[in-house]
Structures are given as C-alpha cells and as structure tokens.
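Peer 1:
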Amino acid sequence: MAFFQRWWRQQSPKLKVKVKELVNSGQLEFINGGMCMHDEATTHYIDLIDQTTLGHQFIKNEFGQMPRAGWQIDPFGHSAVQAYLLGAEVGFDSLYFARIDYQDRAKRKDKKALEVVWRGSRTLGSTSQIFTGIFPRHYNPPDGFQFEVNDVSTPIQDDPLLFDYNVQERVNDFVAAALSQANVTRTEHIMWTMGEDFRYQYANSWFRQMDKFIHYVNLDGRVNALYSTPSIYTNAKYEMNESWPVKTDDFFPYADRVNAYWTGYFTSRPAFKGYVRAMSGYYLAARQLEFLNGRNGSLSKTEILANALAIAQHHDAVTGTQRQHVAADYTKRLHMGYVEAEKLVLSSLNFMINKNGKTETSFQQCPLLNISYCPPSETLLSNEKSLVVVVYNSLGWNREEVIRIPVTIDKVIVRDIEGKEVESQLIPLTNSSLSLRNDNVKAYLGKPSENAINHWLAFAVSVPPLGFSTYIVSGAHEGARSIMSSVFSSHGNINNTIEVGQGNLRLLYAGGKLSQYINGRNSVSAVVEQSYSYYTGFSATDEDTQASGAYVFRPNGTFSIKSEGADSLTVMKGPLIDEVHQQPTSWIHQVTRVYKDKEHAEIEFTIGPIPIDDGAGKEIITQIKTTMKTKRTFYTDSNGRDFIKRIRDHRTDWDLEVSQPIAGNYYPINLGIYLEDENKELSVLVDRAVGGSSIVDGQIELMLHRRLLHDDARGVGEVLNETVCALDDCKGLTIKGKYFFKIDPIGEGAKWRRSFSQEIYSPLILAFAEQDGDDWMSSHVPTFTGLASSYSLPDNVAIITLQEFDNGKVLLRLAHLYEIGEDKDLSVMAHVELKKLFPNKNIIKVTETSLSANQERAEMEKKRLAWKVENSSGKETKVSRGGPVDPVELVVELAPMEIRTFLVDLEYIKMFGT
1 MAFFQRWWRQ QSPKLKVKVK ELVNSGQLEF INGGMCMHDE ATTHYIDLID QTTLGHQFIK
61 NEFGQMPRAG WQIDPFGHSA VQAYLLGAEV GFDSLYFARI DYQDRAKRKD KKALEVVWRG
121 SRTLGSTSQI FTGIFPRHYN PPDGFQFEVN DVSTPIQDDP LLFDYNVQER VNDFVAAALS
181 QANVTRTEHI MWTMGEDFRY QYANSWFRQM DKFIHYVNLD GRVNALYSTP SIYTNAKYEM
241 NESWPVKTDD FFPYADRVNA YWTGYFTSRP AFKGYVRAMS GYYLAARQLE FLNGRNGSLS
301 KTEILANALA IAQHHDAVTG TQRQHVAADY TKRLHMGYVE AEKLVLSSLN FMINKNGKTE
361 TSFQQCPLLN ISYCPPSETL LSNEKSLVVV VYNSLGWNRE EVIRIPVTID KVIVRDIEGK
421 EVESQLIPLT NSSLSLRNDN VKAYLGKPSE NAINHWLAFA VSVPPLGFST YIVSGAHEGA
481 RSIMSSVFSS HGNINNTIEV GQGNLRLLYA GGKLSQYING RNSVSAVVEQ SYSYYTGFSA
541 TDEDTQASGA YVFRPNGTFS IKSEGADSLT VMKGPLIDEV HQQPTSWIHQ VTRVYKDKEH
601 AEIEFTIGPI PIDDGAGKEI ITQIKTTMKT KRTFYTDSNG RDFIKRIRDH RTDWDLEVSQ
661 PIAGNYYPIN LGIYLEDENK ELSVLVDRAV GGSSIVDGQI ELMLHRRLLH DDARGVGEVL
721 NETVCALDDC KGLTIKGKYF FKIDPIGEGA KWRRSFSQEI YSPLILAFAE QDGDDWMSSH
781 VPTFTGLASS YSLPDNVAII TLQEFDNGKV LLRLAHLYEI GEDKDLSVMA HVELKKLFPN
841 KNIIKVTETS LSANQERAEM EKKRLAWKVE NSSGKETKVS RGGPVDPVEL VVELAPMEIR
901 TFLVDLEYIK MFGT
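Just so we're aligned, residue 1 is where the sequence shown starts under the UniProt record's numbering, counting upward by one.
1. Among Gly557, Ser757, Pro839, which residue has its Cα nearest to the Cα of residue 990?
2. Based on DSSP bridge pairs, tell me the residues matched to Ser469.
3. How would you call Phe198, buried or exposed, if buried means at least 16 neighbouring beta carbons within 10 angstroms?
4. For Ser128, does the three-state DSSP call read helix, strand or coil?
5. So, at 7 Å on beta carbons, what are the nonlocal neighbours of Thr914 in its own chain, with the 5 sequence-adjacent residues on each side left out?
6. Output the boundary residues of the beta strand (DSSP E) element that contains Ile304.
7. Roughly how many whole angstroms lie between the Cα atoms of Met911 and Asn840?
8. Closer than 8 Å is the cut-off here; do at least three beta carbon pairs connect the region 579-594 with the region 712-727?
9. Between the region 460-467 and the region 372-385, do three or more beta carbon pairs fall short of 8 Å?
10. For His315 and Asp637, which I take to be in contact (beta-carbon distance under 8 Å), what is that distance rounded to the nearest angstrom?
11. By Cβ distance, which residues of its chain are closer than 8 Å to Glu681, with the 5 residues on each side in sequence left out?
12. How would you write the range of the alpha helix (DSSP H) that Gly55 sits in, first residue to last?
13. Could you name each continuous beta strand (DSSP E) segment of 3 residues or more that falls completely within the region 109-167, going from the start of the chain to the end?
14. Would you please state the rounded distance, in angstroms, between the beta carbons of Tyr83 and Ile130? I believe it to be under 8 Å.
15. Provide the residue span of the beta strand (DSSP E) that contains Met703, from first to last.
16. How about Asp110 and Trp654: are their beta carbons less than 7 Å apart?
17. On the premise that His455 lies in contact with Val407, defined as a C-beta separation below 8 Å, what is that separation, rounded to the nearest angstrom?
18. With DSSP as the reference, label Ala88 as helix, strand or coil.
19. Exposed or buried, what is Gln10 when buried is set at 16 or more other beta-carbons lying within 10 Å of its beta-carbon?
20. Using the Cα positions of Thr783 and Ser789, report the straight-line distance between them to the nearest angstrom.
21. Nearest to Trp244 by CA position, among Val19, Pro136, Ser872, is which residue?
22. With the cut-off set at 7 Å, would you say Phe97 and His78 are in Cβ contact?
23. Would you decide whether Ile156 is buried or exposed? Buried here means 16 or more other CB atoms lie within 10 Å of its CB.
24. Give the C-beta separation of Ala2 and Cys36 to the nearest angstrom, bearing in mind that I take them to be a contact with Cβ-Cβ under 8 Å.
25. Tell me the DSSP secondary structure of Asn293 in three-state form.
26. Assuming Ile620 contacts Ile612 (C-beta within less than 8 Å), just tell me the rounded distance between them.
27. Tell whether a beta-carbon distance below 7 Å holds between Phe768 and Val846.
28. So, helix, strand or coil for Tyr227, using DSSP?
29. Pick helix, strand or coil for Pro575, following the three-state DSSP scheme.
30. Among Glu602, Thr470, Ser563, Ala327, which has the Cα closest to the Cα of Gly511?
31. Which word fits Leu812, buried or exposed, when buried means at least 16 other C-beta atoms lie within 10 angstroms of its C-beta?
32. May I ask which residues mark the beginning and end of the beta strand (DSSP E) holding Thr801?
33. Can you tell me whether Asp886 is helix, strand or coil according to DSSP?
34. Just the Cα atoms here: how many angstroms apart are Lys863 and Thr361?
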C-alpha cells in the first residue's frame, strides 16, 4: 500500500470516486493489503502485524474494504507464521505465492498438490488453517503469453485482410496451455497470473491482447476464460467441495535450481537487520509512552517510524538483497522516524517525571551506546555534575538487569530513588572497543570525539512493568564507590584452567578456550567449545555460473579461524559481571559475559572489516559445540513465534536430493535455535535475523557476517561488499552484535527462551539528564508503572501493542508466548485483568477484532470458509481458545500461542493531575 498511497494522494476527487466504484463492484481488489509484500524469513512477527495493520487501516478508512486474500508471490520461501497469523488470523480466505523449492514443486505437480490447506501452527491446528495456492511455475503467464511492447510472444492478429491472421492458432495455443496446467491442478478452475517484474510499462499492449484472447477463446468454447481476482478464484475453488492435501510446517529453505539455495539472505546486511530490530523494539515502547502520556488529540509522533519500519519489512529490504543506495535510503527513513519518536519518548518521560510538566528536564538518549558513545554520561560526570538515569521497561513484568554506560572518571557512586547506594562496577574499555568507538564517532560526527573515556560503568537496576525507575550517578570523592574490575591477561601456553562466573553459572576455560559449562543450581554440566570459521563464497565460472551472493549461499570450502600467534585472553571480574575478552584474529573481537544473577552466557562479537585481499569473499560463522547426541535434529523459530522441528538432509514433504549439504540445511532464525538429547537442551538466542543450522550433531552454527565479491545473478546486479567511510577513510563494514546461550535439563529450556527473548526484543530504554538541585528525587516522580500497583502480566503473556488511534480508541494486543506442551507450567490458559492493565481509567467498551483490527472478530469468524481436507476422520483434535470477554469482569483468556486483539474505549482519568 505504500506506493498506492503515494499515487492516491496525487489523484483528483473525480478519479478517486471512479476507483472507489471499481473497488466496491469487485473489479479492483486489494490483496495482502499491508504496506509492502513483506519477507517471511528475516522478519519478526510483531513487525509483520504492525505493517499489515497499517495498510489494512488505510484500506478500511478510505474504502471500507477488508482484504480477503494473501498475495506473497515473491518472498523467497514461506513461513508458518505467514500462514496462520498473517493469513487466517487477519481474516484471509486464501494465500497465494510462487517461490517454493524446485524439487518440492516438481513433486507437487506430479501429485496435483500445488493447492493445499496449510496448518501453520501445531498449537492452533485447523482453527487457523488457510487455503494455499502455489503457482505451477513462477508468477508469470505461460510461455507465449507475455505482451509487453518488447516481448516476443505472438499477438493475436484478427484482421483477415492481413497476411498473419492467426486467431485459431493462438486460441489452440491458449487451450493447450490451459489443459497443461489443468493436468497438475485439482478441479476445473485454474489461475493464470498475467504479469511479471517490470511489466505493464505500457499496459494497453497487455489489455488489448487479453481482451482478444478472452473473446475468441470463449467463442471456441473448449475453455472458459475471464478476468478474475484471487477472491473470485478462491470462491470458485471452495464451491467445488474438494478435499485438499494438508500442509504443516513451512517452505524453507528455498532453492530455485541445483546448487542455488536462497539461504544467504538470512544474514545479508547484518547491520541493517540489527537496526531494523532495534527500531522495532523502540517503536513498541514509544507507542506505549504516547498512550500513557495521552495524545490529547495531537498527531501521532510515531507515524514516521511506523511507515519506515513497515516498508523495511519488504522482501528486498530487511532481507539485505537491495543495492547499497537503496539500503541507505531505508536506513535514512528509519533514522528520521527514530528522531521524531525520540522526541516523543523524551517529552513523555519529562511530563511524567516532572509532575505534569510543571518543570522541565532536558533528557537525552544515546543511540550509539552500543559503541561506547554517550555524550551525557561522558560530559556531565567529567564536569563534576550528577547524572540522572531514567530506565523505562516496556514489558509487562518487573525486570532486574545490569545496564552499562561509558564514563570518563574512575570514582563513581550510583544511588536509587531512596538514596541508597546501588551495587556498581567499573569495567575498563579495551583497545578494540576504543578503536571501534573512535571510527564510528568520526563517521557519525564528521570529527573525532572530544571526550576520552576509560571505563564502562555497570550497575543493577530494578524497573516496574510498563514503567520507569530513576538512578543518580555522581562522582565519588570519598568512601563507598563503584568497584573496579580485576583484570587478568594470559598469553601463550595457558595450561591452567580459568573459571568465570560468581552465581549459579560458571564457565571454564582451558588452553585459552571455552571448555565447560556448569550450572550449580540444576546440576547441569556440559563440555562446550565455541569457535569461529568462515566459508569462502563460490565464484562463478564459465562452466558453473552460480556464485554465492546477496540471496544465494554457496560455500566453497570451510576454514577455521585460528589465533594469529599464541592463544590469549583477558579476564575482567567484578561483583556484577565477569568478562572474558578474546581476539582470535585482528578482525574479530569477542567478549563473553556471565552476570552474577543470570544463568546464561552473553557473547558480544565485533567482526570486520572482513579481509578480501586474497580475492575471496567470506561468510563468517560461529560454532558452539557439545557432545550431545541430537540425531540430526534441531529446532528453529518461525518469525520469532513457533519453533519448527528440522532434520538435517530431510524434508517433510518429499525425498530430498542433497546437492548442498551446508546451504541446504540453513534456516532463518529470528528468535533462536535449540538442540536436545535425552538429558539436556542447548539454546541460542539472537539479537537480529541470522541464518543458522546444526551441520554436525551436538553443534549449533550461526552465520554472523558476509562480504562477497560476486553477484549471484538474481536481479540485484551488485556485489554484497558493504563499506563504511569516515571522512575520506573507507573500509569494509564492521558489525557488532550479540547472541546468548544456555544449557538446561531436558524440558526446562522453553522458559528461558520465551522470557529472555522478550528482553532481547524490548531492551530497557535509557534517558539521561543533569541533576537540577540537591533534592531531585523528592521534587520529581522517580518511579512509575502503567499497571495497577503490584500487578504484572502472567509470565506467559506479553503486550505486543498498546497504541492510541487517531479516533481515541486504544489498540491492545496480548500474546501468549508458549506453544502447547512446550512448558509444563506455562503452556496453559493465561488470564489478563484489563481493569488492572488500565488503572485510573474507566473501560467503556472492549471489542475483539481481527489481528489487523479492521473488523470484529465475531464477524470475521462467521465469514471463515470451512475447507475439507484429505484423510480426515471428521474428529479434529480439540484446540483451546480463549473465551469471550465478560463486559463486567473484563478478564481476557489466552490459550497457548493465541494472540488476541482489542479496540478499547476508555474514559480517561488523568494519572498526573489535571
């Protein structure tokens, strides 16, 4: 809808009336209806919901229509979440697309199984199924029926006075093509997609020929041809009362021919993928603050970020499969959206903290905190002023975490709202971190930073749900202050074992490398190794033209990355965190962190610039190895939601012919990946979309960065070789990111995966200001929660949308985080008390809607088509769903994997006075 909106704004009132008439008559149909045709591999389900809602709201408001068909014809593989969440749950009757594995398509054509009933959710089963049509070729017409002005297809010549009169010949061609497709399709109805990329530059040449074909084919009578829409086609299929094959799981990975697995884009442009994910979490928090503060009829300050995030979900955007200048444009739009949303976040916090904004506090944020750059924390403390740190939590439960800010002094004290000292720790910055900071600050400011920082200040915070806490950081002249980390460095032959971790989790290092994971609480002990390697990208040759590129991953050899010289590591220990710093090569630096009160390990990696002096493109992976016996089986998430079972060198729907044993076993990861054996589970969670697999039993690998020297001939026409320029100094892209791992007893890993992934997606929001006056805490509101006092959401529920619409209604989405049978305690019905979710407000009305909030849920269910499936006994397994919301009790039930969407009418009672 993004392009349609641009066009629509430029049209005259007269033309708009005509378009609305065509829409109302069904001659024009909105399909999909999101702001873009989103990707399905590298996108998070919250982003998919948001961008679809944005488009559906425009269609509803402007045309009064609700799309009925999904049209995902071009994304490179298709996810289970697309089927049940962005299909059935938004009210679609059908979903159509083109790209599935070439082996899968051939098998389906043989079995007449190109059209199926897809049950994407193991938990929700038939209650969220959708009729799905896969095109028998690409999304182009049959051969001989392309009618662009420069195409070679023979047009109909129906003037008998001319030499090349060919009506019967072309009618015969049409009928033959139709019968050929009918031979691989069930029922007497088939669909021709009359278009392709870059077509309809001159639409008249198409419609003139299609008009003639419809006329003459129907005169012939063997085939009935008509202009149609996906909904008309779907209705015709439904009326045939056919029984359809059932499809479960998903359509990943995708290969369009031998040696051409489109699994490279799972990782391509990792910095952009990380930025999209960071902005997504920020947008969620900004909308909450906009609601909590009250819009008071003003225009939304998050609209620019909403639109930028929406188009960033496009299947050639977050995927990293665009040209560099296009990637820069997407990034620029996200930044513009962030700038406006940041103003909202800071003004909202100022209003709430300063008791209705009666005074003014000049808050700042630090968007470059990940590279140790935060002007307020650097400048204020160095000038002997105190720093106010406000920490906002967008999750529905209390969080206790350790936050970090860069400082220029080494005597610091942190106090909470009661004036009590908060435990804190100073961690020296390494040369690698300082180098990354200096390079990026110079690129960002156009000049070097004026401040010379020395340390990270880490301190523990406790933040209420949908609320904030405040801390004061000051220079400490005498007495108590932050504890400086002890530093131990070891080089060369490291014979002794080094242990890090002061809580339940301990990591052991032997020979300079991770060797063992021990959890004292649950008695888990496992041999673990972690390392880096790279694949060289295959270069095209005259005989074999398929190179590794932005889309396609085609490795040409695996090479371990070993230390350039003797193994070395530096260990920093303190009361809150232990860190292990390693640099296996000059262009990879890694920090492994163990927090005192956490039972997982955090690995922060800095990779780049990837060297290409040898003329070889490289694809960088990290591997976590254990001795677990996993029987070729592992699990990856679907758009951050359901986990899907994967078996190496295996496909559920056909017997796989293995041509690429590595690339063909890669899957998209947005939340995490895990392994299990009879006793243990190894889970790895990520901070952005990546590709990954278990190529060897007991081992997980993630692809973290790619730099390639050849185009893979899929339309980009540009190599994936990202560079960054600081003034006149240009070099290959360096990225910084994190992943996290934990080992649990079998059956206990889901609790960490589900809860901690929420914290990764929604990091704490930090705002900084100078302390104005000695009694700051008593003159301000230092802590706040948007929920009722002492109330928090159940551990298995998340608020994924809290947003005030222009009409004053509040959009609320609640998501159950667990699948059926995933956790013995949390895969159960959950309950959310709306009265405690909206304290100080009278709830006038609660209306449950479709996922995209464009129609009432009850009306959507009435219209749902009940498809027949093959081999059905008629006795489906009962699926649990939450019941209607009682208008008095106002308690929402959520069954496992259920997302429920509501429009809430509120009568406001000001939280912060008049």
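Cβ coordinates follow ideal geometry from the N, Cα and C atoms, glycine included. Keep in mind it's a predicted model, so treat the numbers as computed, not measured.
Peer 2: On the basis of the supplied data:
1. The chain is shown only over 1 to 914; residue 990 falls outside these bounds and no answer can be derived.
2. Position 469 of the sequence shown, counting from 1, holds the residue named residue 469. Per DSSP, Val391.
3. Translated into positions along the sequence shown, residue 198 becomes position 198. Label assigned to Phe198: exposed.
4. Here residue 128 refers to the residue found at position 128 when the sequence shown is read from its first residue. Residue state, collapsed to three classes: helix.
5. Along the sequence shown, read from residue 1 onward, the residue named residue 914 stands at position 914. Any reading at Thr914 must be qualified, since the residue scores a pLDDT of 37, below 50, and its modelled position is unreliable; the value itself is stated next. Scanning its chain for C-beta atoms nearer than 7 Å, with the 5 sequence neighbours on each side dropped, one finds no residue around Thr914.
6. The residue labelled residue 304 in the question sits at position 304 within the sequence shown. Careful: Ile304 lies outside any beta strand (DSSP E), inside the alpha helix (DSSP H) at 303-312.
7. Reading the sequence shown from its first residue, position 911 is the one you call residue 911. Reading the sequence shown from its first residue, position 840 is the one you call residue 840. In this predicted model, Met911 has a pLDDT of only 49, less than 50, meaning its place in the structure is not dependable enough to derive any value.
8. Fewer than three pairs of CB atoms, one per stretch, sit closer than 8 Å, so the region 579-594 makes no contact with the region 712-727.
9. Segment contact: the region 460-467 against the region 372-385, fewer than three CB-CB distances shorter than 8 Å; contact not assigned.
10. Start at 1 with the first residue of the sequence shown, and residue 315 comes out as number 315. Start at 1 with the first residue of the sequence shown, and residue 637 comes out as number 637. In this structure His315 does not touch Asp637 by the C-beta definition: roughly 19 Å separates them, more than the 8 Å allowed.
11. By 1-based counting over the sequence shown, the position of residue 681 is 681. Closer than 8 Å at Cβ, skipping near neighbours: Tyr674, Leu675, Ile743, Asp744, Pro745, Ile746, Gly747, Glu748, Gly749.
12. As a working note, residue 55 is residue 55 in the sequence shown. Gly55: member of the alpha helix (DSSP H) spanning 45-63, first to last residue.
13. Taken in chain order, the complete beta strand (DSSP E) segments of 3 or more residues contained in the region 109-167 are 115-118, 130-134.
14. As a position in the sequence shown, residue 83 is number 83, starting the count at 1. As a position in the sequence shown, residue 130 is number 130, starting the count at 1. Note on identity: in this sequence residue 83 is Ala, with Tyr being the wrong assignment. Yes, Ala83 and Ile130 are in contact; Cβ-Cβ is about 6 Å, under 8 Å.
15. One-based indexing of the sequence shown puts residue 703 at position 703. That run of the beta strand (DSSP E) goes 699-707.
16. To locate residue 110, count along the sequence shown from 1; it is residue 110. To locate residue 654, count along the sequence shown from 1; it is residue 654. Result no, Cβ atoms of Asp110 and Trp654 do not sit closer than 7 Å.
17. For the purposes of this step, residue 407 is identified with residue 407 of the sequence shown, where counting begins at 1. For the purposes of this step, residue 455 is identified with residue 455 of the sequence shown, where counting begins at 1. The beta-carbon distance between Val407 and His455, rounded to whole angstroms, is 6 Å. This is short enough to meet the 8 Å contact definition.
18. For the purposes of this step, residue 88 is taken as the residue at position 88 of the sequence shown. Helix, per DSSP.
19. Residue numbering aside, residue 10 sits at position 10 when the sequence shown is read from its first letter. Within 10 angstroms of the beta-carbon of Gln10 lie fewer than 16 other beta-carbons, which makes it exposed.
20. Taking the sequence shown and counting its residues from 1, the one referred to as residue 783 is at position 783. Taking the sequence shown and counting its residues from 1, the one referred to as residue 789 is at position 789. Taking C-alpha positions only, Thr783 is separated from Ser789 by approximately 12 Å.
21. Locating residue 244 in the sequence shown gives position 244, where the first residue counts as 1. Ranking Val19, Pro136, Ser872 by Cα distance to Trp244 puts Ser872 first.
22. On the sequence shown, position 97 is the one that residue 97 refers to. On the sequence shown, position 78 is the one that residue 78 refers to. Against a cut-off of 7 Å, the Cβ pair of His78 and Phe97 comes out as a contact.
23. Here residue 156 refers to the residue found at position 156 when the sequence shown is read from its first residue. Within 10 angstroms of the beta-carbon of Ile156 lie 16 or more other beta-carbons, which makes it buried.
24. Residue numbering aside, residue 2 sits at position 2 when the sequence shown is read from its first letter. Residue numbering aside, residue 36 sits at position 36 when the sequence shown is read from its first letter. Taking a contact as a CB-CB distance under 8 Å, the pair Ala2 and Cys36 counts as one, their CB atoms being some 6 Å apart.
25. Within the sequence shown, the letter at position 293 stands for residue 293. In this structure, Asn293 counts as helix in the three-state DSSP scheme.
26. As a working note, residue 620 is residue 620 in the sequence shown. As a working note, residue 612 is residue 612 in the sequence shown. Taking C-beta atoms under 8 Å as the contact rule, Ile620 and Ile612 fail to qualify, at a distance of about 12 Å.
27. Walking along the sequence shown from the start, residue 768 turns up at place 768. Walking along the sequence shown from the start, residue 846 turns up at place 846. Result no, Cβ atoms of Phe768 and Val846 do not sit closer than 7 Å.
28. By 1-based counting over the sequence shown, the position of residue 227 is 227. Secondary structure at Tyr227: coil, using DSSP grouped into helix, strand and coil.
29. Counted from its first residue, the sequence shown places residue 575 at position 575. In the structure shown, Pro575 sits in coil (DSSP, three-state: anything other than H, G, I, E or B).
30. Here residue 511 refers to the residue found at position 511 when the sequence shown is read from its first residue. Relative to the Cα of Gly511, the nearest Cα in the group Glu602, Thr470, Ser563, Ala327 belongs to Ser563.
31. On the sequence shown, residue 812 is found 812 positions in, with the first residue counted as 1. It counts as buried.
32. What you label residue 801 is simply residue 801 of the sequence shown in a count that begins at 1. Note, Thr801: beta strand (DSSP E), 797-804.
33. Residue numbering aside, residue 886 sits at position 886 when the sequence shown is read from its first letter. Look at Asp886 here: in three-state DSSP terms it is coil, with no helix or strand label.
34. One-based indexing of the sequence shown puts residue 863 at position 863. One-based indexing of the sequence shown puts residue 361 at position 361. Each residue's CA atom was taken as its position, placing Lys863 and Thr361 some 53 Å apart.
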